[in-house]
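Everything below concerns the one structure shown next.
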């Protein structure tokens, strides 16, 4: 007579893992998102951050107006994934390792698009976003901008390009942005500031150039310095200096904070203090010849 067969009991941790796997297979990505009304923007918001998603959820409420998809694994995204969300106005795709973004077909209502902290090596096509007001492209690897790169975004008010690899910008880089109010070009290894770069930005209120080293010492480059100096003079009230303290961030109006880094004899000199002869004027701004 054979001995009775013993029942094999599966360890509790293994059972827990199986339960989690079963749940993950039964629940779609959209059902894991937190859905609630955004009280400030008065729109339905879907928070799908940090869910390990590799594709865009396809079962969100059709009245979703704000979609947060940051901190996932969305390497390539097309606006075709959002066509079932006709009320979508805000889209956050930051911190995804995103390498490609395709704005086809159009998202005619989208007003805010955040593509910051990704792996974009070039500016994606943005033809299908006519209502866009805010565009975040900070901390990618964008190296070049074509002339008129943002021309299709005629309603754009805020553009964040800080922390990219922009060395040179064509004069027409921001052509067509007649209502742009806020432009951040901080922390780019830019080598020049083209004459007329800001000429079409008639509504510009804030320009950030923190961490940019613009060489003006080469022959024939002084007109660029004069252009920047004149622009600073005309927009002194919009130039601020930010200093991070231990307890709070200090921000104060300071047009003289735009300073030269090289050559050595001009290091630390405010751009405002240069004369038409391309020499440093008296430190007293009241004696500066403009």
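In mature numbering (1 follows the signal peptide of the UniProt record, and there is no 0), the protein residues as written are -29 to -1, 1 to 261. Glycine residues also receive a C-beta, built at the ideal position from the N, C-alpha and C atoms.
In this structure, the alpha-carbon of residue 10 lies about 33 Å from that of residue 224. With fewer than 16 other Cβ atoms inside 10 Å of its own Cβ, residue 47 counts as exposed.
Beta-carbon to beta-carbon, residue 151 and residue 145 are separated by about 7 Å, close enough to satisfy the 8 Å threshold.
DSSP places residue 235 within a helical segment (H, G or I) once states are collapsed to three. If you check the CB distance, residue 104 and residue 132 do not come in under 9 Å. In this structure, residue 56 places its C-beta atom within 9 Å of the C-beta atom of residue 33.
The Cβ atoms of residue 45 and residue 38 lie no closer than 9 Å to each other.
For residue 106, the enclosing beta strand (DSSP E) begins and ends at 105 to 107. The beta-bridge partner set that DSSP reports for residue 52 is empty. Looking from the CA of residue 169, the closest CA among 181, 161, 154 and 111 belongs to 154.
Residue environment analysis places residue 23 among the exposed positions, since fewer than 16 neighbouring C-beta atoms fall within 10 angstroms of its C-beta. Closest in alpha carbon position to residue 156, among 173, 141, 40 and 134, is 134. Apart from the 5 residues on each side of it in sequence, residue 179 sits with its Cβ closer than 6 Å to the Cβ of 155 and 157 in its chain, given in chain order. Across the structure, residue 182 and residue 159 are spaced so that their CA atoms are roughly 7 Å apart.
For residue 112, the number of other beta carbons within 10 angstroms of its own is below 16, and it is reported as exposed. Positions of the beta strand (DSSP E) runs, each at least 3 residues long and wholly inside the segment 106 to 136, are given as 129 to 131 in order along the chain.
In the three-state reduction of the DSSP assignment, residue 34 falls in the coil class.
Considering only 117, 106 and 143, the residue with the shortest C-alpha distance to residue 129 is 106.
Collapsing the DSSP output to three states places residue 205 in a helix. Distances from the CA of residue 58 to each of 36, 74 and 115 were compared; the closest alpha carbon is that of 36.
Restricting attention to 102, 89 and 147, the CA atom closest to the CA of residue 110 is found in 89. Here the alpha carbons of residue 230 and residue 236 stand approximately 12 Å from one another.
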